[in-house]
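Here is the structure we will look at, set down as structure tokens.
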Amino acid sequence: MTRSTRPSGGKAEADVRTDELWAAVMAGDEYAATDIVMAALDGGMDPEALLMDVIAPLQARVGQEWAANRITVAQEHTATAVTERVIGAVAHHPAVRRRGSATEGEPGRVAVACIDGEWHALPARLLAEVLRLRGWRVDYLGAQVPTPHLIAHLHRTRPAAVALSSSIPTRLPDAHAAITACQATGTPVMVGGAAYGPGGRYAARLGADAWEPDARAAADRLARGLPEPRPHRPADDLPHLADQTYTHVTRTAPRLVRHVLEGLRARVPAMADYTVEQRDRTAEDVSHIVDFFATALYLDEPDLFTGFMAWTIDILAARDVPPQVLLPVFDLLAEQLADYPRATELLSRGRTAVQEHKPATPAANPEATHNGHPTDPAGE
1 MTRSTRPSGG
11 KAEADVRTDE
21 LWAAVMAGDE
31 YAATDIVMAA
41 LDGGMDPEAL
51 LMDVIAPLQA
61 RVGQEWAANR
71 ITVAQEHTAT
81 AVTERVIGAV
91 AHHPAVRRRG
101 SATEGEPGRV
111 AVACIDGEWH
121 ALPARLLAEV
131 LRLRGWRVDY
141 LGAQVPTPHL
151 IAHLHRTRPA
161 AVALSSSIPT
171 RLPDAHAAIT
181 ACQATGTPVM
191 VGGAAYGPGG
201 RYAARLGADA
211 WEPDARAAAD
221 RLARGLPEPR
231 PHRPADDLPH
241 LADQTYTHVT
251 RTAPRLVRHV
261 LEGLRARVPA
271 MADYTVEQRD
281 RTAEDVSHIV
291 DFFATALYLD
301 EPDLFTGFMA
311 WTIDILAARD
321 VPPQVLLPVF
331 DLLAEQLADY
341 PRATELLSRG
351 RTAVQEHKPA
361 TPAANPEATH
371 NGHPTDPAGE
């Protein structure tokens, strides 16, 4: 589209830029994608609007297109890699650097990191760049930051706050440990990302000092200041863990997965003709189901598990796989967990969710964005 036909500004311009950028990232054309965002900035587009109204919606669209089975995993990975390079280009544009350094009275220093095991770095990177635009000194630590290393960084740099990002619900137990460890240093913790559920409902359960839905809201919240961390013990956040159900499931997870796979081979004759790849994918699927099951037990949040199962049905439906293939999994898990009432109740709810859910057009899972595998909301 030439400049003469381009909308002059506002949401219309953001939509046009997103469409242009979509074509470039789907083609894997890093240079064309970079040219598009550089032209937008050269033309006076607000950098924060470019990040939040063009690039962020584009990445959400990538996940939605994968879920609907309209792009491949390879295309999704390529798009994510190109988007990461584009954000880096935006960060180094002269207009962006001038804006970040022109803020009067630097608000302070903040650390931005993904929790250990979380490799969706784009949401955290977007937050880091928005905060820089607003004058913060940002330590962007990237994906999969081991908690001991994060704590060492906080002791060394003493930031005003730490922002922890997580998109994968199965990493929430690790997020809980990281939140508590950060607070023990006296550092307030703000969390964000799809892992924390609709409206951030799991953030308070895990003891976070604040939760916000996106980078703009997070920057606004940090500008207002976070409360001092309240002293508490992790066990006080989740007293139901005393029943040892979660501990048993996590410790025996490999055995549970093996039991399910062996049982499926006996109950689903067609598995005898599976290729090696199909067997591997089935094992991955079962492992992800067990991971989400364990996380729901950790939080005592049945909706996390039933929501994941409903989302999984939609993903399978887009690939012409009937949801009934999931039902034996619940029976086989229940055989191994009969002594744990909270586990058997959750499995019963999962079975009901599968039986009652009517597949819809796949969209982003309300409990986790996903871009990679039919039952792997790991994304990217």
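Sequential numbering from 1 applies to the sequence shown in UniProt numbering. Just so it is clear, CB atoms sit at the ideal spot from N, CA and C, and this is done for glycine as well. Small disclaimer: the values here were computed from a predicted structure and weren't measured.
Residue i in three-state terms, based on DSSP
i, result
"N365", "A caution first: N365 carries a pLDDT of 43, below 50, which makes its placement in the model unreliable, though a value can still be read off. Of the three classes helix, strand and coil, the one that applies to N365 here is strand, per DSSP."
"S348", "helix"
"A160", "coil"
"V321", "coil"
"L51", "helix"
"W22", "helix"
"Y31", "helix"
"L337", "coil"
"D139", "strand"
"residue 381", "What is shown of the chain runs 1 to 380, which leaves residue 381 out entirely."
"D42", "helix"
"L226", "coil"
"T78", "helix"
"I289", "helix"
"V16", "helix"
"G274", "Reading the sequence as shown, one finds Tyr at residue 274 and not Gly. Correct three-state label for Y274: coil."
"P328", "helix"
"A67", "helix"
"P254", "helix"
"T180", "helix"
"P269", "helix"
"W311", "helix"
"residue 386", "What the structure shows of the chain is the stretch from 1 to 380, and residue 386 is not part of that stretch, so it cannot be assessed."
"D280", "helix"
"L206", "coil"
Residues near residue i in its chain [Cβ-Cβ closer than 7 Å; skip 5 each side]
i, result
"D15", "none"
"L297", "T245, Y246, V249, R342, A343, L346"
"A40", "R17, L50"
"P302", "A296, L346, R349"
"I313", "P323, V354, H357, P359"
"L226", "A161, P188, M190, D209, A210"
"A181", "T147, I151"
"E228", "P188"
"H259", "L332, Q336"
"A56", "L126"
"A334", "T344, L347"
Cα-Cα separation, residue i to residue j
i, j, result
"V25", "V321", "29 Å"
"W22", "N69", "17 Å"
"R265", "L150", "44 Å"
"A215", "Q336", "43 Å"
"G135", "R99", "8 Å"
"L154", "I87", "26 Å"
"P146", "A33", "32 Å"
"D220", "V290", "37 Å"
"T352", "T83", "39 Å"
"C114", "P269", "42 Å"
"G186", "A95", "36 Å"
"A242", "D300", "12 Å"
"residue 452", "A163", "Absent from the structure is residue 452, since the part of the chain shown begins at 1 and ends at 380."
"R137", "A184", "22 Å"
"D331", "H240", "24 Å"
"A60", "E212", "17 Å"
"R267", "Y340", "24 Å"
"A27", "A223", "39 Å"
"L126", "R156", "24 Å"
"G63", "W119", "15 Å"
"V90", "Y140", "16 Å"
"I315", "A67", "6 Å"
Residues that residue i bridges to, as DSSP identifies them
i, result
"S165", "C114, G192"
"R109", "R137"
"W211", "V191"
Assigned exposure category for residue i - 16 Cβ within 10 Å defines buried
i, result
"V276", "exposed"
"A128", "buried"
"P169", "buried"
"E262", "exposed"
"G307", "buried"
"A294", "buried"
"P254", "exposed"
"P280", "The residue you asked about is not Pro; residue 280 is Asp in the sequence shown. Its Cβ having fewer than 16 others within 10 Å, D280 is exposed."
"A111", "buried"
"T53", "Note on residue identity: the sequence assigns Asp, not Thr, to residue 53. That one is buried."
6 Å Cβ shell around residue i - same chain, five flanking residues per side excluded
i, result
"G108", "A160"
"R123", "Arg is not the amino acid found at residue 123; the sequence shown has Pro there. Counting only Cβ-Cβ distances below 6 Å, and skipping sequence neighbours, we find S165, G193."
"G142", "A121"
Close beta carbons around residue i, own chain, < 8 Å, minus the five adjacent residues each side
i, result
"R85", "E30, A33, T34"
"L304", "P169, G197, Y202, F292, T295, A296, E367"
"V257", "A283, V286, S287, V290"
Closer than 6 Å: residue i CB and nearest the ligand SAM heavy atom
i, result
"A60", "Judged by which ligands are present, the structure shown has none, so any question about the ligand SAM falls away."
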